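Peer 1: In terms of the numbering used here, the sequence shown is residues 26 to 464.
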Amino acid sequence: MPQITRKLSLVTLSLTAATTLGMAGTDSKTSLPEAPPEPNNWCSWLSEKPGTLYKNKENPYIQELRLFGRFHWQYAYLDGRGADGLGTRKFNYDTEEIRRFRVGAKLGFLNYFEANASVNLSKDLSPLNGSRDIEYLNLYSATLEMDMQEAFDLKTFDELELRIGKEKTSQTAEGDISSRFIKTVERSSLSNYVATPSSTGLFISSEMGAWDLDLGISSGDLEREFSKFDNDYFYTLRTGYKFDDPSFADKSRIDLRVIINGDEEQNTIKNPDSIGSFNQTWVASLSTESRNGRFELLTDLVFGDNGTDYDLTDKGNPKNNPEREGSFWGLVIMPSYWLVEDRLETVFRYQYAQASEKEGFRINARYSRIAGKVDNFSGANDLSNGRGDRHHSAYLGLNYYLCGDNAKIMTGIEYDDLNSGSQDVYEGTTLWAAFRMYF
């Protein structure tokens, strides 16, 4: 108890200091235009794309060449109780990690084409008491994009883009927000449960007035670089509507997202070297995003079918686990408010998830499941497994923006409660601190 009291005191002091700095450095306003960076300072340099090596729209061959990157570091302290054997056990765990270290390049050429590629350069096993290596890890994204609306002067569309290559698709509004702009240190367990890794595929995006539509087909195998197309495919759809001037908000939109597995068994067990990039049967979500002055609100309502859960320890003779199958649903409600505009922001997130089977939902690996592994929890459904049928989570955070989203400090406290039938799998509190930077 004295240890967590000291940790809470440190976080409280950090939040107080951030508030004081924010109050001293920025005047409160009533509108939300982005404040321009001050000239000749580091923030102006960082936010004006310092990686731009060449830019000339008048050049018919090469219009732009730019480097970009992001660096994300974070710390977490957990205090809780988790399932171990036939009962539960208290634990404390803390860790720090280079969460993301990613660099890439963008090339605009021939007026209508754009090539983008980025790689992950951090293999940080510190949370597992392992080593931290700054080295090539994998190809995160690599796409070739064509602006078809401009190339063919298609008056029907405001935008029409065709992309081929490797990219990440998201099944929720929370998951669709880039890690450069997320307001919480980690996304919710619900968002991550239905997320897919970057996959190779063909994608088309269009916009017509207030409506927009994205369609995609992606390979179902999980590879470090491009797909080997050993598995089947999965299909994605997102359609959204933007409200131009609603009386209740400055800006708002609603989105429907659907992802469907082409062949669940093929995507899961066909390739012995790949666990598959999407193993559920289908997932659908209805999302809203709105902003009114200093206040913003994001909501996600998610439904899905786990399909058949194959035991992948023996791919030549797969067996299913019925307790990890069945349907699931959940919701995320995330309001945020600028205490000091463009400088200090508070955010709250509530998430609830429920499954029809006892192990039909799984919480994030960071960092409760990792703590269970490091502290040698064991059992049929112990803390390191982290599966259940009911999960509550509440997050309260404070973000201090040093230079907009280009450089910010994030702090938060999160409570989790996971149950599997009558079993208490995990109940605990996480203290978060993070630094985020991108250019």
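Cβ coordinates follow ideal geometry from the N, Cα and C atoms, glycine included.
Model, not experiment: these values are computed from the prediction.
Anyone know if the C-beta pair for residue 319 and residue 276 falls short of 8 Å?
Peer 2: Not closer than 8 Å, so no.
Peer 1: Taking residue 417 as the reference, give the member of 409, 443, 392, 117 with the closest Cα.
Peer 2: Among 409, 443, 392, 117, the Cα nearest to that of residue 417 is on 443.
Peer 1: Identify the continuous alpha helix (DSSP H) that holds residue 218 and give its terminal residues.
Peer 2: Unbroken alpha helix (DSSP H) run through residue 218: 214-218.
Peer 1: Apart from the five residues on each side of it in sequence, which residues of its chain come closer than 6 Å, Cβ to Cβ, to residue 224?
Peer 2: So the list reads 243, 244, 302, once near-sequence residues are dropped.
Peer 1: Who are the Cβ neighbours of residue 311 in its own chain at under 7 Å, not counting the five residues just before and after it?
Peer 2: 281, 326.
Peer 1: Return helix, strand or coil for residue 66, following the three-state DSSP convention.
Peer 2: Coil.
Peer 1: Residue 280 bridges to which residues according to DSSP?
Peer 2: In DSSP, residue 280 forms a bridge with 265, 312.
Peer 1: List the whole-angstrom C-beta distance separating residue 279 from residue 313, where the pair is believed to meet the contact cut-off of C-beta under 8 Å.
Peer 2: That belief holds up - the Cβ atoms of residue 279 and residue 313 are roughly 5 Å apart, short of 8 Å.
Peer 1: With a cut-off of 8 Å, do at least 3 Cβ pairs link the region 411-431 to the region 131-149?
Peer 2: They do not touch, by the three-pair rule.
Peer 1: Evaluate residue 261 with the Cβ neighbour count: other Cβ atoms within 10 Å of its Cβ, from every protein chain shown; 16 or more gives buried, anything less gives exposed.
Peer 2: Answer is buried; the Cβ neighbour count reaches 16.
Peer 1: Tell me the DSSP secondary structure of residue 151 in three-state form.
Peer 2: In the structure shown, residue 151 sits in a helix (DSSP, three-state: H, G or I).
Peer 1: So who's on the other strand from residue 132, going by DSSP bridges?
Peer 2: DSSP output for residue 132 lists 90, 140 as bridge partner(s).
Peer 1: Under the rule that 16 or more other beta-carbon atoms within 10 Å means buried, what is residue 152, buried or exposed?
Peer 2: Buried, since its Cβ has 16 or more Cβ neighbours within 10 Å.
Peer 1: Among residues of its own chain, excluding the 5 on either side of residue 253, which ones have a beta-carbon nearer than 7 Å to its beta-carbon?
Peer 2: Counting only Cβ-Cβ distances below 7 Å, and skipping sequence neighbours, we find 246.
Peer 1: Can you tell me where the beta strand (DSSP E) holding residue 241 begins and where it ends?
Peer 2: Looking at the DSSP string, the run of the beta strand (DSSP E) that includes residue 241 is 236-244.
Peer 1: Only counting the same chain, and skipping five residues up and downstream in sequence, which positions put a Cβ closer than 6 Å to that of residue 321?
Peer 2: Only 361 meet the Cβ criterion.
Peer 1: Applying the 10 Å Cβ sphere with the 16-neighbour rule, what's the burial state of residue 233?
Peer 2: Exposed, by the Cβ-count rule.
Peer 1: Kindly indicate which residue of 212, 401, 255 has the alpha-carbon position closest to the one of residue 439.
Peer 2: Closest option to residue 439, Cα to Cα, is 212.
Peer 1: What's the call for residue 432, buried or exposed, on a 16-neighbour Cβ count within 10 Å?
Peer 2: Buried.
Peer 1: Taking the C-alpha atoms as reference points, what is the distance between residue 29 and residue 112?
Peer 2: Residue placement at residue 29 is poorly supported in this model, since its pLDDT is 44, which falls under 50; the coordinates are not used for a value here.
Peer 1: Which word fits residue 17, buried or exposed, when buried means at least 16 other C-beta atoms lie within 10 angstroms of its C-beta?
Peer 2: The requested residue 17 does not occur in the structure, where the chain is confined to residues 26 to 464.
Peer 1: Roughly how many angstroms lie between the CA atoms of residue 464 and residue 447, to the nearest whole one?
Peer 2: The alpha-carbon atoms of residue 464 and residue 447 are separated by roughly 48 Å.
Peer 1: Can you find at least 3 beta carbon pairs, one from the region 164-171 and one from the region 181-198, that sit closer than 8 Å?
Peer 2: Result yes; three or more Cβ-Cβ pairs closer than 8 Å.
Peer 1: For residue 429, which three-state DSSP category applies?
Peer 2: Coil at residue 429, not helix or strand.
Peer 1: Taking buried to mean at least 16 other C-beta atoms within 10 Å of its own C-beta, is residue 269 buried or exposed?
Peer 2: It is exposed - the Cβ of residue 269 has fewer than 16 other Cβ atoms within 10 Å.
Peer 1: What are the boundary residues of the beta strand (DSSP E) that residue 172 is part of?
Peer 2: That run of the beta strand (DSSP E) goes 157-172.
Peer 1: For residue 347, which three-state DSSP category applies?
Peer 2: Three-state result, residue 347: helix.
Peer 1: With distance defined between alpha-carbon atoms, name the residue in 85, 81, 116, 82 nearest to residue 392.
Peer 2: Among 85, 81, 116, 82, the Cα nearest to that of residue 392 is on 116.
Peer 1: For residue 399, which residues of its own chain have a beta-carbon under 7 Å away from its beta-carbon, when the five flanking residues on both sides are left out?
Peer 2: So the qualifying residues of the chain are 118, 153, 154.
Peer 1: Rounded to whole angstroms, what's the CA-CA distance from residue 100 to residue 192? Just pull it up for me.
Peer 2: Rounded to the nearest angstrom, the two C-alpha atoms are 28 Å apart.
Peer 1: So the candidates are 409, 222, 284; which of them puts its Cα closest to the Cα of residue 106?
Peer 2: When each option's Cα is compared against that of residue 106, the closest is 409.
Peer 1: Should residue 412 and residue 366 be called a contact, given that it needs their Cβ atoms to be closer than 8 Å?
Peer 2: No, they are not a contact pair.
Peer 1: Drop a sphere of 10 angstroms on the beta-carbon of residue 323, count the other beta-carbons inside from all chains shown, and report buried for 16 or more, exposed for fewer.
Peer 2: So residue 323 ends up on the buried side.
Peer 1: Looking at the secondary structure, which residues open and close the alpha helix (DSSP H) in which residue 396 lies?
Peer 2: 395-399 is the extent of the alpha helix (DSSP H) around residue 396.
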